[in-house]
Amino acid sequence: MNNIITEIKSFSKAINIMEVCGTHTMAIASSGIKALLPQNINMLSGPGCPVCVTPTGILDAAIELAKTGCIITTFGDMMRVPGSKSALEKEKSTGCDIRIVYSCTDAIQIALLNPKKEIVFIGVGFETTSPTIAAIVKTAENQNIKNFSIISAFKLIPPAIAAILEQNVSRIDGFILPGHVSTIIGSKPYRFIAEKFRIPAVITGFEPSDILEGIMLIANQIKRAKPEIEIQYQRCVKEQGNLYAVKLLYSVFESSDSQWRGIGLIKNSGLKFRKKYQRFDTFKKFGLKVRNTKEPAGCLCGKILTGIAKPNQCGYFGKKCTPSNPIGPCMISSEGTCAAYYKYGN
Amino acid sequence: METKKISLADGSGGKLTHRLIKNIFLQNLGNPILNRLDDSAICNLQSAIYNLVFTTDSYVIKPIFFPGGDIGKLSICGTINDLSMLGARPLYISLSFILEDGLQVDKLEQIVVSIAETAKKSGVKIVCGDTKVVEKGACDEIFINTSGIGIADKKIDISGHNAKLNDIVILSGTIGDHGIAVLNARQKLGLRCGRCELKSDIAPLNNLVEKMIKVCGSGIHAMRDPTRGGLATALNEIAEQSNVGIEIEESTIPLKKPVESACALLGLDPLYIANEGKLVAIVSKKDAEQILSVMKKHPLGKHAKIIGKVVPYPKGVFLKTKIGGTRILQMLESDQLPRIC
Chain A
1 MNNIITEIKS FSKAINIMEV CGTHTMAIAS SGIKALLPQN INMLSGPGCP
51 VCVTPTGILD AAIELAKTGC IITTFGDMMR VPGSKSALEK EKSTGCDIRI
101 VYSCTDAIQI ALLNPKKEIV FIGVGFETTS PTIAAIVKTA ENQNIKNFSI
151 ISAFKLIPPA IAAILEQNVS RIDGFILPGH VSTIIGSKPY RFIAEKFRIP
201 AVITGFEPSD ILEGIMLIAN QIKRAKPEIE IQYQRCVKEQ GNLYAVKLLY
251 SVFESSDSQW RGIGLIKNSG LKFRKKYQRF DTFKKFGLKV RNTKEPAGCL
301 CGKILTGIAK PNQCGYFGKK CTPSNPIGPC MISSEGTCAA YYKYGN
Chain B
347 METKKISLAD GSGGKLTHRL IKNIFLQNLG NPILNRLDDS AICNLQSAIY
397 NLVFTTDSYV IKPIFFPGGD IGKLSICGTI NDLSMLGARP LYISLSFILE
447 DGLQVDKLEQ IVVSIAETAK KSGVKIVCGD TKVVEKGACD EIFINTSGIG
497 IADKKIDISG HNAKLNDIVI LSGTIGDHGI AVLNARQKLG LRCGRCELKS
547 DIAPLNNLVE KMIKVCGSGI HAMRDPTRGG LATALNEIAE QSNVGIEIEE
597 STIPLKKPVE SACALLGLDP LYIANEGKLV AIVSKKDAEQ ILSVMKKHPL
647 GKHAKIIGKV VPYPKGVFLK TKIGGTRILQ MLESDQLPRI C
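Quick look at the structure:
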């Protein structure tokens, strides 16, 4: 690892590298990588925190259903995320049946144990999470489970990167791409980064040594002036990805335009149920609509998620906005950029 | 304006719990003994030799039986450990049971047998108690409240307020075992490491502490059993009480591989996971090796390690990471939640 750090330090050009994924953001902060990097290498956080980018309307819809007596099941991260008026954690304390699950399979079990109740699973996450959910939908279909549905708020990473690059305001010189997403989709969907935008990108693992090597590989690509999509995380990622998982994912879902909290609408960046599986779509089942809501005035999360601003440039950061009283999405999730800065003192 | 309500996060043992304690309890009940916020209270007796040390705690845990222990053993160990962290010899414990209508009597008996065994092994006596039965749904099977009394030598002065510059931080063993074992059992996660089951570290620490005091009582300045909020929160409490900085080295912190893997999988930081049979001691530099050596000879301290030191500045707790970086180790903000990906 010392050799990698020495090589990174020998690179003198000032560059901005965006780590797209929230898990990378937390790993960089918690392992103290920033303290090891030379000042000319500036790390920016991207939009790859699934909790951060889930719109308030999704939470509002889940809360509305919880109040009607549905059992809401969710991954733990979502509990404190504020909707426009409340949060799941707050509603749970008023008596709504809201349960943390560790897998969507648990939600199915709850459905089987509570046949007279409607069970709703809040489906958030990226390509890493959604194939598993697709498999569970198929299981539910095969078992003819009728009291179970999913709020599909899944998102896709490549369209979000394309949207950031098309905005052309972040001045990104390289990308650290999420290794687990590429375990599913491989490296091909990222080719546009190097080919169209001429920016280096490295698909990277989550150990500190992986991340440092990813940074080194980006610096070397910049030196060679030959941008490409490299795979640092070779122990898990193949160029073509996991074809079975991708096929499974798109047999249940299809891409759709999607709202990203703090960013706005991104074309083809979400997943909606295919017609065959629409009975598992909570919105269709209950005739719900996701209402658009505005982010709080003065909150810089939109800029932070696209690499334009850093948390400490926001007037709320660490004052009105803390992990126990989050105002914007980046402070809400344990994998959010502001939460990382707050917790680890960047 | 919305009326503020208690939430589960207020009981996490982290920043929110401390805020609640300071703003509600200390504000209304504060006095010089309570204000010290140590694990137990030192009450001055009319004795030239001993102080009376007094503590109370309530135990609520799901499931009530977990790998390595149960709520009964937990209640006795927890009370013994709170007394021990002030250097006291635990003597007497009271028990108050709140039982839910419908609790199976054989479960209760199993818990009481466990209490009896733990008390006997630790040399403490259960001397009084109370029982209430509440309606179904009013409690979660069984809640236990305890109070404990011990005595501490007046020459010993162990308190969260006493950490001093250049003191050494010693941890008695691996962290996170209890929290991960309970989580694994509660959520039926089925996490295993080969044939080895994730098991709670729950244990009474009075005998270990007794040995440490015997070899060098004056060298022990502060102690905490890192329960809710884990090691990071316990060190933050000491740093705040003593107004010092504490720097610890990540590479020296003992951590079992299955616990490390479970934390990585669930997105939890082992430094914030609860322990029930571990202690962290802040000891004088000159006595550190001797105290460490005694700890290592004890079954509950055989994996003890020096993990850091007390520094003058900056205040708070800092972690030197395995790759040589440094980061702040804050008090737990509120309960850790498992992540999505």
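First to last, the sequence lines map onto chains A and B. Per the working numbering, the first sequence runs over residues 1 to 346. Per the working numbering, the second sequence runs over residues 347 to 687. The beta carbon of each residue, even a glycine, is placed where N, CA and C say it ideally should be.
- The segment 265-282 of chain A makes contact with the segment 150-167 of chain A: 3 or more CB pairs, one atom from each, lie closer than 8 Å.
- Of the residues assessed, residue 447(B) falls on the exposed side of the cut-off, its CB having fewer than 16 other CB atoms within 10 angstroms.
- In the DSSP assignment, residue 408(B) is bridged to no other residue.
- Note that the C-beta distance between residue 335(A) and residue 22(A) is below 8 Å.
- By the C-beta density criterion, residue 80(A) is buried, having at least 16 other C-beta atoms within 10 angstroms.
- Bridge pairing for residue 493(B): 402(B), 440(B) [DSSP].
- Across the segment 651-667 of chain B, CB contacts with chain A closer than 7 Å involve 667, in sequence order along the chain.
- Cβ neighbours of residue 482(B) within its own chain (closer than 7 Å, five residues either side excluded): 446, 447, 448.
- Contact between residue 110(A) and residue 145(A) does not hold, since their C-beta atoms are separated by about 11 Å, which reaches or exceeds 8 Å.
- Straight across, the Cα-Cα distance linking residue 279(A) with residue 123(A) is about 15 Å.
- Listed along the chain, the chain A residues whose CB falls inside 8 Å of the CB of residue 353(B) are 89, 90, 93.
- Taking every protein chain shown into account, the CB of residue 405(B) has 16 or more other CB atoms within 10 angstroms, so this residue is buried.
- At a cut-off of 8 Å between C-beta atoms, residue 684(B) counts as an interface residue with respect to chain A.
- Pairing residue 518(B) with residue 608(B) gives a Cβ-Cβ distance that is not under 8 Å.
- Not one beta carbon of chain B lies nearer than 8 Å to the beta carbon of residue 17(A).
- In the displayed model, residue 597(B) falls within a helix according to three-state DSSP.
- Rounded to whole angstroms, the separation of the alpha carbons of residue 143(A) and residue 623(B) is 45 Å.
- If the five residues before and after residue 495(B) are omitted, its C-beta is found closer than 6 Å to the C-beta atoms of 400, 437, 438, all from its own chain and listed in chain order.
- Check the Cα spacing between residue 37(A) and each of 168(A), 2(A), 299(A): the tightest is with 2(A).
- Here DSSP, grouped into helix, strand and coil, assigns residue 641(B) to helix.
- A contact is defined here as three or more CB-CB pairs under 8 Å, and the segment 388-398 of chain B fails this definition with respect to the segment 460-477 of chain B.
- Runs of the beta strand (DSSP E) lying entirely within the segment 557-582 of chain B and spanning at least 3 residues, in chain order: 566-570.
- Residue 48(A) holds the alpha-carbon nearest to the alpha-carbon of residue 162(A) among 48(A), 245(A), 206(A).
- Counting along the chain, the unbroken alpha helix (DSSP H) around residue 109(A) starts and ends at 104-113.
- Between the segment 636-651 of chain B and the segment 531-542 of chain B there are fewer than three C-beta pairs closer than 8 Å, too few to call the two in contact.
- Apart from the 5 residues on each side of it in sequence, residue 315(A) sits with its Cβ closer than 7 Å to the Cβ of 298 in its chain, given in chain order.
- Look at residue 452(B) here: in three-state DSSP terms it is helix.
- Of the residues assessed, residue 452(B) falls on the exposed side of the cut-off, its CB having fewer than 16 other CB atoms within 10 angstroms.
- DSSP, reduced to helix, strand and coil, places residue 371(B) within a helical segment of the structure shown.
- Residue environment: residue 647(B) is assigned as buried (16 or more neighbouring CB atoms within 10 Å of its CB, all protein chains considered).
- Counting other Cβ atoms within 10 Å of its Cβ, residue 343(A) reaches 16 or more and is therefore classed as buried.
- A direct Cα-to-Cα measurement between residue 322(A) and residue 664(B) gives close to 20 Å.
- Taking 8 Å as the cut-off, the beta carbon of residue 427(B) is found no closer than this to the beta carbon of residue 522(B).
- Fully contained in the segment 477-553 of chain B are the following alpha helix (DSSP H) runs of length 4 or more, in chain order: 523-532.
- The beta-carbon separation of residue 55(A) and residue 259(A), rounded to 5 Å, stays under the 8 Å limit for a contact.
- Taken in chain order, the whole beta strand (DSSP E) runs of length 3 or more contained in the segment 89-176 of chain A are 98-100, 119-125, 148-154.
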